[in-house]
Amino acid sequence: MSILVRPPKRKLHEAEEGPRKYSVGVSWSPGTRSNSQGSSRRPSEQPDSQSDSHYHATSLRELHSNRASPVLFDKGPLQTPRRFNPSASVVLIGIRGTGKSSLAVILAATSGRRLIDADRYFQQVTGCSRAAFKKDKDHAEYRLQEAHVFESMLADNQEGCVIACGAGSMERSGQQLLREYAQTHPVIHVTRDPESIQSYLKAWDTQKVRHFLELSGPIYRGCSNMEFFNLSESASGESMAKDAHNSPGPKLEQRSQTPTPFLTLKRVQRDFLRFIAFVMGDATELNRLHSSFPLSLISVPTRPYTHAITVPFSALRDRDLDIEELEFGADAFELSIDVTSPSGQQGTDSNLADSISLAISKIRRNIIVPIMYHVESYTSPQGSLSPAPNSRSTDDAYLSLVRHGLRLAPTFLTVDLSRDDNLLAEIINARGRISIIGHFEAFRAPLGGWDGDEYMEIYNRAKRIGCDVTILPWKDSGIVSRVSPGAIPLVAYNTGPLGRMSRCFNPILTPVTHPSLTQNNPSHVRSSITSRDAQQALYSSFALDPMQFFVFGANVTYSMSPAMHNTSFKLCGMPHTYSIHQSATLRGLNDLVENQFFGGSSVSLPYKTEVIPLLHSMSPHARAIGAVNTLIPIRNNDDSDPRLSQESSIFMKKSRAGPIKGLHGDNTDWIGICNCIRRGLSPANAVRPTTTGLVIGSGGMARAAVYSMIHLGVQHIFVYNRTLANAEKLAHHYNRQELYSSDHVGADGRPLVSTISSINDPWPTDYKQPTIIVSGIPAHSIGGQPAPNFHVPTQWLESPTGGVVVDLAYKPLNTPLMKQIRALSHRGWVALDGLDVLPEQGFAQFELFTGRRAPRRLMRTIVLQEYVEEEGLDDPRAIRDRLQNLDGLPS
Numbered sequence: 001m002s003i004l005v006r007p008p009k010r011k012l013h014e015a016e017e018g019p020r021k022y023s024v025g026v027s028w029s030p031g032t033r034s035n036s037q038g039s040s041r042r043p044s045e046q047p048d049s050q051s052d053s054h055y056h057a058t059s060l061r062e063l064h065s066n067r068a069s070p071v072l073f074d075k076g077p078l079q080t081p082r083r084f085n086p087s088a089s090v091v092l093i094g095i096r097g098t099g100k101s102s103l104a105v106i107l108a109a110t111s112g113r114r115l116i117d118a119d120r121y122f123q124q125v126t127g128c129s130r131a132a133f134k135k136d137k138d139h140a141e142y143r144l145q146e147a148h149v150f151e152s153m154l155a156d157n158q159e160g161c162v163i164a165c166g167a168g169s170m171e172r173s174g175q176q177l178l179r180e181y182a183q184t185h186p187v188i189h190v191t192r193d194p195e196s197i198q199s200y201l202k203a204w205d206t207q208k209v210r211h212f213l214e215l216s217g218p219i220y221r222g223c224s225n226m227e228f229f230n231l232s233e234s235a236s237g238e239s240m241a242k243d244a245h246n247s248p249g250p251k252l253e254q255r256s257q258t259p260t261p262f263l264t265l266k267r268v269q270r271d272f273l274r275f276i277a278f279v280m281g282d283a284t285e286l287n288r289l290h291s292s293f294p295l296s297l298i299s300v301p302t303r304p305y306t307h308a309i310t311v312p313f314s315a316l317r318d319r320d321l322d323i324e325e326l327e328f329g330a331d332a333f334e335l336s337i338d339v340t341s342p343s344g345q346q347g348t349d350s351n352l353a354d355s356i357s358l359a360i361s362k363i364r365r366n367i368i369v370p371i372m373y374h375v376e377s378y379t380s381p382q383g384s385l386s387p388a389p390n391s392r393s394t395d396d397a398y399l400s401l402v403r404h405g406l407r408l409a410p411t412f413l414t415v416d417l418s419r420d421d422n423l424l425a426e427i428i429n430a431r432g433r434i435s436i437i438g439h440f441e442a443f444r445a446p447l448g449g450w451d452g453d454e455y456m457e458i459y460n461r462a463k464r465i466g467c468d469v470t471i472l473p474w475k476d477s478g479i480v481s482r483v484s485p486g487a488i489p490l491v492a493y494n495t496g497p498l499g500r501m502s503r504c505f506n507p508i509l510t511p512v513t514h515p516s517l518t519q520n521n522p523s524h525v526r527s528s529i530t531s532r533d534a535q536q537a538l539y540s541s542f543a544l545d546p547m548q549f550f551v552f553g554a555n556v557t558y559s560m561s562p563a564m565h566n567t568s569f570k571l572c573g574m575p576h577t578y579s580i581h582q583s584a585t586l587r588g589l590n591d592l593v594e595n596q597f598f599g600g601s602s603v604s605l606p607y608k609t610e611v612i613p614l615l616h617s618m619s620p621h622a623r624a625i626g627a628v629n630t631l632i633p634i635r636n637n638d639d640s641d642p643r644l645s646q647e648s649s650i651f652m653k654k655s656r657a658g659p660i661k662g663l664h665g666d667n668t669d670w671i672g673i674c675n676c677i678r679r680g681l682s683p684a685n686a687v688r689p690t691t692t693g694l695v696i697g698s699g700g701m702a703r704a705a706v707y708s709m710i711h712l713g714v715q716h717i718f719v720y721n722r723t724l725a726n727a728e729k730l731a732h733h734y735n736r737q738e739l740y741s742s743d744h745v746g747a748d749g750r751p752l753v754s755t756i757s758s759i760n761d762p763w764p765t766d767y768k769q770p771t772i773i774v775s776g777i778p779a780h781s782i783g784g785q786p787a788p789n790f791h792v793p794t795q796w797l798e799s800p801t802g803g804v805v806v807d808l809a810y811k812p813l814n815t816p817l818m819k820q821i822r823a824l825s826h827r828g829w830v831a832l833d834g835l836d837v838l839p840e841q842g843f844a845q846f847e848l849f850t851g852r853r854a855p856r857r858l859m860r861t862i863v864l865q866e867y868v869e870e871e872g873l874d875d876p877r878a879i880r881d882r883l884q885n886l887d888g889l890p891s
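With the first letter of the sequence shown counted as 1, position 447 gets the number 447 in full-length UniProt numbering; the numbers rise by one all the way through.
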């Protein structure tokens, strides 16, 4: 599939025949936008995309002149609704070195959009490059041609494209065209840290790049309605020191900072695709990206006892904080903007805007929970926890910071309900897909307290102006519970030391802190609670019950799951237990379900399929795979059919004991495999309609492997098994189902699972070489039979871009297959083993069991420690370093 559009050439006289109309009804008039400043520059002085240093030097001079027409970035397109047609073209703008071209290629390759590069488009339309055109024509004619070509490019490609704009697009007329285009399309300003830009350009020094970013920022922001900070690996904050003294549990060492070279864009790809899916409102793609974490599919305000970690922007900017550790136990991450422009002038200066964008990018890189963006209206005196009533910021200063937050596409954004309705309406109308939280902080006791009419009036106003959630903190000792049925969710709690109890029992988005944020502020410790504090309070007060979890199977004494889950329960403040329940027959399951404190069970061999007839419901994933590895009890407090309230029972009734009315089956094996495939698949091997996958084996894990490939959008899957009949049975299992990959971007048909008869067969000539390979066969001897000692035939490993191989075996860890693939790393092959898969599926299982987010880093560490202790390794350090380089998120 070609991702580069080739437009028809248009001659200059054809472009002058008349203006093109945009969908917003704004036309371009050639007579009003030609070099109105009368620039006297010779063509040789203009920016040349072929020369980085020359381009930046002239661009800097232009920024000092009036001809560049700087625009304040808190005006214009920022007031657009930001709700786009899902097929609307995406425009990327930014200075050279920010990586916008790479991001455009990533988006085109994974979404099926056509890639349009503005410089190449200019050459295709005019028949020569910009440099050649400027050499033959005078500057006025070049600017006129550039304006015509740019307008043509935008007008003719309004749907299904990703457009990467160069410096020529930022001429005066180009700025206006972009502002008009931003009324109906996402125009994304891509920025980056100065060090990475300087490293790419190999010109200037970092300080000059920083100065250029400061000058160009307002111009680019004035022409765009969204912003993406392209976070480099070196600037991502992933080398932040781990504060072992402030968190219980095993000491965790720093992760490696040397990722595999061809995987350096993996995290950027993940961040950008999540950003685009949210901006475009692509619910299908968001669900696909979030399916690895079941709780992500349920809105945070609808789940009970959710927590939001509140992190001041100043702390994140000035301290080396571990963002993944801060997220621990939280359901949302609130970035509280507690600073203003150092210049003291109206609006947000470019440096502060860059810093906020960088902070959001670091947060997005390291967490899986939604981001909340909150601008403080009041400042607190030095050493005080309470804001001063007379320290309220001006409407202009407040609005400027909030507008910048809208550009960054957080999941939630707060608005100050003490502000004027017109100001709040401007924010809410421009929110796009962002959920709005109305926030009101009282500095005097409202009439009647929590039960009076004053708070109810504030709550009803928030509902009337379009807020999705309301937060009402107040320094008092009572608890509010006055909410009308069907109204918007209410977060109501008391501040100060006496308010800690109300925060523990507040059911939605309780504000929590982290020990690393309070270590130097004892008074803050006395007034705040952590997520662990809140959990412990709920169980100590009997609001929630300690539950019992198990791993159930015929031979599970070797399982590492008990250590992984029990350590996690303890660290999270939950008094649950996870035990081994071994049984020679399926009847042993009766002992578990008769226990009113039964919270759920992992299911091991040979019962993953045998247990299915006993279930009252199954997840679509388990049903498609035909195997279950997770059991969840169904408890309903009403008399309805448990199958009719499955979602409520599974996600809303956690940690409450009582009689069990049914069992729900799920499968997380495929999640572990899917995440490892994502992690090891380089951007060059992004899944396309022509992508081919290979599964070795035909057992239960092979079934999960096939399903994970289907979920990723792979349409051509081959199965090899020593017994061909078993491979054919597995292929038939999926081919008879109506499982389409059409929900994956770029896919357009039903996946086909085929078999390969012999290990000596060549790879089928009608299909591309596989870039995804999963082995589901054991690597050790079973029943006296020798170990398979399997290697992938070399004729199946001829992908020119390499690929990823996941070996589900981990006894031994360094299997013959892993040795084979690691020896091919120079050809782009990435090897992952069973120790990579186990914690990944465990994250999802933890969420299904508890309704809480899994402590991902801890679970990875426990798996490693348990394996080293049980199996012993000649070089345990090597394994530890490799696992610590993983971040717990699917790539």
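Even glycine gets a Cβ: it sits at the ideal position worked out from N, Cα and C.
List the whole-angstrom C-beta distance separating residue i from residue j, where the pair is believed to meet the contact cut-off of C-beta under 8 angstroms.
i: E840; j: C676; result: 6 angstroms
i: residue 950; j: P294; result: The structure shown does not extend to residue 950, since the chain is modelled only from 1 to 891, so the question has no answer here.
i: L107; j: F272; result: 7 angstroms
i: V190; j: I93; result: 7 angstroms
i: T110; j: I197; result: Wrong, their Cβ atoms sit about 25 angstroms apart, outside the cutoff.
i: N157; j: I116; result: 6 angstroms
i: E159; j: S89; result: 6 angstroms
i: P186; j: F313; result: Going by Cβ atoms, the distance from P186 to F313 rounds to 25 angstroms, so no, they are not a contact pair.
i: I580; j: T609; result: That pair is no contact at about 21 angstroms.
Please identify the residue among the options whose C-alpha is closest to the C-alpha of residue i.
i: N287; options: Y867, L712, I756, P793; result: L712
i: F598; options: G217, H185, T850, N85; result: T850
i: V311; options: T206, G600, A332; result: A332
i: L631; options: P507, V551, Y459; result: V551
i: S102; options: D354, M859, Q269, G466; result: Q269
i: I368; options: L813, V611, L297; result: L297
i: G680; options: G496, L265, A492; result: L265
i: S602; options: M564, P575, G573; result: M564
i: T585; options: G672, D545, A554; result: A554
i: R365; options: C467, H290, S232, I427; result: S232
i: A442; options: A430, I428, L417; result: L417
i: V719; options: A705, T470, I756, E227; result: I756
i: P800; options: W829, A462, A430; result: W829
i: I673; options: G834, A430, L864; result: G834
i: F122; options: A164, A104, P81; result: A164
i: E594; options: A118, L663, L571; result: L663
i: R319; options: P764, L517, N225, V491; result: L517
i: A155; options: G168, A809, K134, T184; result: T184
Beta carbon of residue i, beta carbon of residue j: below 8 angstroms?
i: H374; j: T414; result: yes
i: A315; j: L335; result: no
i: P301; j: I625; result: no
i: S568; j: M859; result: yes
i: A330; j: H307; result: yes
i: R143; j: E180; result: no
i: A704; j: L730; result: no
i: I488; j: H439; result: no
i: P751; j: I717; result: yes
i: G749; j: G697; result: no
i: N667; j: V695; result: no
- prompt: Where in the stretch 390–429 do unbroken runs of the alpha helix (DSSP H), each at least 4 residues long, occur, reported from the N-terminal end onward?
  reply: 395–407, 421–429
Contiguous beta strand (DSSP E) assignments of at least 3 residues, all confined to the stretch 533–570: 548–553
- prompt: In chain order, which continuous runs of the beta strand (DSSP E) of length 3 or greater are located wholly inside the stretch 587–631?
  reply: 598–603
- request: Would you be able to state if there are at least three C-beta pairs under 8 angstroms between the stretch 682–691 and the stretch 656–671?
  value: no
message: For the pair the stretch 812–822 and the stretch 725–740, tell me if three or more CB-CB distances fall below 8 angstroms.
response: no
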